[in-house]
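Engineer: Quick one: the structure is below, questions incoming.
Chains as they are written, first to last, in full-length UniProt numbering: chain S, 1 to 430; chain Y, 1 to 117.
What follows is the structure, encoded as structure tokens:
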């Protein structure tokens, strides 16, 4: 008995395919979960298809956030990440997953979970179709050495090579896709300096060797110059922040750019420096502890990484009170305004490179035949104004796996719909 | 010129109505100058404790955030957007902030261009 084919035709769209080509007019045919044809589509192939009239709107790949924390709960302080009871915390994570896909993000790479299995459970529920959310690679609690934790209540402690091996094995046992090492400090802690490195080479090597031996990747909170070099020396796959990368580290990154990814989380620095006063952290205080120096250094270094062709991806550590969930696409504006990316380069980093960091470069992140149908139909031109992606009302259609997560009415609503509240669990537990 | 309006204010309202953003967006749309700005209904602008938040922004210009707004401030917000747009830096001091908004600036986020240090 033949299996019925589900066909959807996006007709008359501006195709932004993430290959680097300029957008061009055409049609895109989706069959079941994949893109079947792009551009001039054979009319015979579209028979029976549901037609979405593009009217010149932009059809592009869903976005990727390379530094995602479902469980960062929009807290106004670091300790707030650890005080939410697990039941409420899981509900918050489910809401975060939904917020990501509501915002056009169909790919997310977990950068640490505040409790052991929050990420893993959400990933599995998304994959099973039980809750809406992006494709997700799950993480566990970040591993830190004694005296090197940013937030003790959400940390898995390990010391020495044997301790690292054991911690990695335990996290793999609960089902994570990658391992997070918290290698350096963070100025907002008041005690752990961003330029201090707490891991040793031996510990890093042991963690990476064990993870890779089991087919898992490693990512790292690595702000200091030494930590970036330690990551590259020991094959840490994904380097977060990399704010104080020095000349030697830059050369090492360039020499290894075929495998290493950098995801700076740049919005955290911008917003913490300039926009957190309403939550008790004024600009003067942020400057005093070093965030202006760090942002200046980070922008300079990240621009140089971009110039050298090192893959720098958006993904912003979102989930604090002044960087709440749902504001993810601001990273793309920062890439254009601060890091010197063209809008096209910023979109490629958030789509095609997203497919690469998700380990599915041949089927995620591009509008190409054979790719999985993770698509956005945008009312606007992101190349003309990258901020259009920050307005979810302009994301008329959101598709993942060939199924619509969102379908706009033919005529857009004149006013924003009820937004829901990403904070209700925090409020409930207060 | 871009006007960012928070869609979740008041953030800590358990009813999560998003009333502020809806009302300000409608008032902007109804204003004769409303069509001159690109409105972005964004999830949050991070000024939440003092709700009613919007910001003017533009390529290469500082993002200037205002708090404590309501729909009655639409004309002043549009005037701010126009003045911000006509100024190279976008930094308050380089453009005339409407008097009604002068004490409601809650953050200024500079942009740093290729030589912007």
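Glycine included, C-beta positions come from ideal geometry on N, C-alpha and C.
Are the segment 21-30 of chain Y and the segment 397-404 of chain S touching by the rule of at least three beta carbon pairs closer than 8 Å?
Structural biologist: No: fewer than three Cβ pairs fall under 8 Å.
Engineer: Would you check if there are 3 or more beta carbon pairs closer than 8 Å linking the segment 33-46 of chain Y to the segment 86-95 of chain Y?
Structural biologist: Touching, no.
Engineer: With 8 Å as the limit, tell me which residues of the segment 256-281 of chain S have their beta carbon closer than that to any beta carbon of chain Y; keep them in chain order.
Structural biologist: So the list reads 270, 271, 274, 275, 276, 277, 278 and 279, given in the order they occur along the chain.
Engineer: Taking residue 338 of chain S as the query, report the chain Y residues whose CB atoms sit under 8 Å from its CB, ordered along the chain.
Structural biologist: For this step, residue 338 of chain S is matched to residue 338 along the first chain. Simply 111 and 112.
Engineer: Between the segment 34-46 of chain S and the segment 361-372 of chain S, are three or more C-beta pairs nearer than 8 Å?
Structural biologist: Yes, the segment 34-46 of chain S touches the segment 361-372 of chain S.
Engineer: Which bits of chain S does residue 107 of chain Y rub up against, with CB to CB less than 7 Å?
Structural biologist: For the purposes of this step, residue 107 of chain Y is identified with residue 107 of the second chain, where counting begins at 1. The contacting residues are 274, 275 and 277.
Engineer: CB residue 265 of chain S to CB residue 73 of chain S, shorter than 9 Å?
Structural biologist: Here residue 265 of chain S corresponds to residue number 265 of the first chain, with the count starting at 1. Here residue 73 of chain S corresponds to residue number 73 of the first chain, with the count starting at 1. No; because the gap between Cβ atoms is not below 9 Å, this pair is not in contact.
Engineer: Could you check whether the Cβ of residue 38 of chain Y sits closer than 9 Å to any Cβ belonging to chain S?
Structural biologist: For the purposes of this step, residue 38 of chain Y is taken as the residue at position 38 of the second chain. Yes, its Cβ sits closer than 9 Å to a Cβ of chain S.
Engineer: Does DSSP put residue 244 of chain S in a helix, in a strand, or in coil?
Structural biologist: Sequence index remark: in the first chain, residue 244 of chain S carries index 244 (1-based). The answer is coil: DSSP assigns residue 244 of chain S none of H, G, I, E or B.
Engineer: Buried or exposed: where does residue 288 of chain S fall if 16 or more other Cβ atoms within 10 Å of its Cβ makes it buried?
Structural biologist: Translated into the one-based positions of the first chain, residue 288 of chain S becomes position 288. Label assigned to residue 288 of chain S: exposed.
Engineer: Just to confirm before moving on: does the CB-CB distance between residue 63 of chain S and residue 20 of chain S stay below 9 Å?
Structural biologist: Looking up residue 63 of chain S in the first chain gives position 63. Looking up residue 20 of chain S in the first chain gives position 20. Going by C-beta atoms, residue 63 of chain S is not nearer than 9 Å to residue 20 of chain S.
Engineer: Return the bridge partner residues of residue 105 of chain S from the DSSP annotation.
Structural biologist: As a working mapping, residue 105 of chain S is identified with position 105 in the first chain. Residue 105 of chain S is bridged to S:63.
Engineer: List the whole-angstrom C-beta distance separating residue 361 of chain S from residue 335 of chain S, where the pair is believed to meet the contact cut-off of C-beta under 8 Å.
Structural biologist: Here residue 361 of chain S refers to the residue found at position 361 of the first chain. Here residue 335 of chain S refers to the residue found at position 335 of the first chain. About 20 Å; that fails the 8 Å criterion.
Engineer: Assuming residue 227 of chain S is part of the alpha helix (DSSP H), what are its boundary residues?
Structural biologist: Here residue 227 of chain S refers to the residue found at position 227 of the first chain. Residue 227 of chain S -> alpha helix (DSSP H) spans 225-233.
Engineer: What is the DSSP secondary structure of residue 267 of chain S, reduced to helix, strand or coil?
Structural biologist: For the purposes of this step, residue 267 of chain S is taken as the residue at position 267 of the first chain. Helix, per DSSP.
Engineer: Hey, out of S:190, S:162 and S:79, whose CA is closest to residue 432 of chain S's CA?
Structural biologist: Residue coverage of chain S in this structure runs from 1 to 430, which leaves residue 432 of chain S outside it and unanswerable.
Engineer: Assuming residue 59 of chain Y and residue 80 of chain Y are in contact, meaning their beta carbons sit under 8 Å apart, how far apart are those beta carbons, in whole angstroms?
Structural biologist: Counting from one through the second chain, the residue named residue 59 of chain Y turns up at place 59. Counting from one through the second chain, the residue named residue 80 of chain Y turns up at place 80. Their Cβ separation, rounded to whole angstroms, is 17 Å, which puts residue 59 of chain Y and residue 80 of chain Y out of contact at 8 Å.
Engineer: Within 9 Å (strictly less), CB to CB, does residue 416 of chain S reach chain Y?
Structural biologist: Residue mapping note: residue 416 of chain S aligns to position 416 of the first chain, counting from 1. Bear in mind that the predicted position of residue 416 of chain S carries a pLDDT of just 43, short of 50, making it too unreliable to give a figure here.
Engineer: Kindly indicate which residue of S:247, S:237, S:241 and S:246 has the alpha-carbon position closest to the one of residue 257 of chain S.
Structural biologist: For the purposes of this step, residue 257 of chain S is taken as residue 257 along the first chain, with counting starting at 1. Of the candidates S:247, S:237, S:241 and S:246, the one whose C-alpha sits nearest the C-alpha of residue 257 of chain S is S:237.
Engineer: Kindly indicate which three-state DSSP category residue 441 of chain S falls into: helix, strand or coil?
Structural biologist: Nothing about residue 441 of chain S can be read from this structure; chain S reaches only from 1 to 430.
Engineer: Can you find at least 3 beta carbon pairs, one from the segment 348-358 of chain S and one from the segment 40-57 of chain S, that sit closer than 8 Å?
Structural biologist: Contact fails: fewer than three Cβ-Cβ distances are below 8 Å.
Engineer: With distances taken from CA atoms, which of Y:34, Y:74 and Y:104 is nearest residue 67 of chain Y?
Structural biologist: Along the second chain, one-based indexing puts residue 67 of chain Y at 67. When only C-alpha atoms are compared, the closest one is Y:104.
Engineer: For chain S, is any of its Cβ atoms less than 9 Å away from the one on residue 90 of chain Y?
Structural biologist: The sequence position of residue 90 of chain Y within the second chain is 90, counting from 1. Not closer than 9 Å to any Cβ of chain S, the Cβ of residue 90 of chain Y fails to qualify, so no.
Engineer: Measure the alpha-carbon distance for residue 200 of chain S versus residue 190 of chain S and round it to whole angstroms.
Structural biologist: Here the question's residue 200 of chain S lines up with position 200 in the first chain. Here the question's residue 190 of chain S lines up with position 190 in the first chain. Cα to Cα, the separation comes out at about 22 Å.
Engineer: Could you give the distance in angstroms between the alpha-carbon of residue 230 of chain S and the alpha-carbon of residue 221 of chain S?
Structural biologist: Along the first chain, read from residue 1 onward, the residue named residue 230 of chain S stands at position 230. Along the first chain, read from residue 1 onward, the residue named residue 221 of chain S stands at position 221. So the two alpha carbons sit approximately 12 Å from each other.
Engineer: Please confirm if residue 12 of chain S has its CB atom under 9 Å from at least one CB of chain Y.
Structural biologist: The residue you call residue 12 of chain S lines up with position 12 of the first chain. By this cut-off, residue 12 of chain S is not an interface position.
Engineer: The beta strand (DSSP E) that contains residue 25 of chain S, what's its start and end?
Structural biologist: By one-based count along the first chain, residue 25 of chain S stands at place 25. Here the beta strand (DSSP E) through residue 25 of chain S covers 24-31.
Engineer: Could you tell me which uninterrupted beta strand (DSSP E) segments, each at least 3 residues in length, are contained entirely in the segment 111-161 of chain S, listed from first to last along the chain?
Structural biologist: You should have 135-137, 142-144 and 155-157.
Engineer: I'd like to know whether the C-beta of residue 388 of chain S is nearer than 9 Å to at least one C-beta of chain C.
Structural biologist: The chain labelled as chain C is not found among the protein chains of the depicted structure, namely S and Y.
Engineer: Give the residues of chain Y in contact with residue 299 of chain S, contact being defined as C-beta atoms less than 7 Å apart.
Structural biologist: Along the first chain, read from residue 1 onward, the residue named residue 299 of chain S stands at position 299. Within 7 Å Cβ-Cβ: 112.
Engineer: Roughly how many angstroms lie between the CA atoms of residue 414 of chain S and residue 21 of chain Y, to the nearest whole one?
Structural biologist: If you number the first chain from 1, residue 414 of chain S lands on position 414. If you number the second chain from 1, residue 21 of chain Y lands on position 21. Its pLDDT being 41, under 50, residue 414 of chain S is placed unreliably in this model, and the value from its coordinates should be taken loosely. One C-alpha to the other measures close to 12 Å.
Engineer: Let's test the definition: count the other Cβ atoms within 10 Å of the Cβ of residue 136 of chain S and tell me whether it reaches 16, buried, or not, exposed.
Structural biologist: As a working mapping, residue 136 of chain S is identified with position 136 in the first chain. Buried.
Engineer: When the Cα of residue 216 of chain S is compared with those of S:185, S:173, S:188 and S:233, which residue comes out closest?
Structural biologist: Locating residue 216 of chain S in the first chain gives position 216, where the first residue counts as 1. The option with the nearest alpha carbon to residue 216 of chain S is S:173.
Engineer: Please report how far the alpha carbon of residue 7 of chain Y lies from the alpha carbon of residue 339 of chain S, in whole angstroms.
Structural biologist: The count along the second chain starts at 1 and reaches residue 7 of chain Y at position 7. The count along the first chain starts at 1 and reaches residue 339 of chain S at position 339. In a straight line, the C-alpha of residue 7 of chain Y is about 28 Å away from that of residue 339 of chain S.
Engineer: Please confirm if residue 325 of chain S has its CB atom under 9 Å from at least one CB of chain Y.
Structural biologist: What you label residue 325 of chain S is simply residue 325 of the first chain in a count that begins at 1. Taking Cβ atoms only, chain Y reaches closer than 9 Å to residue 325 of chain S, which makes this a yes.
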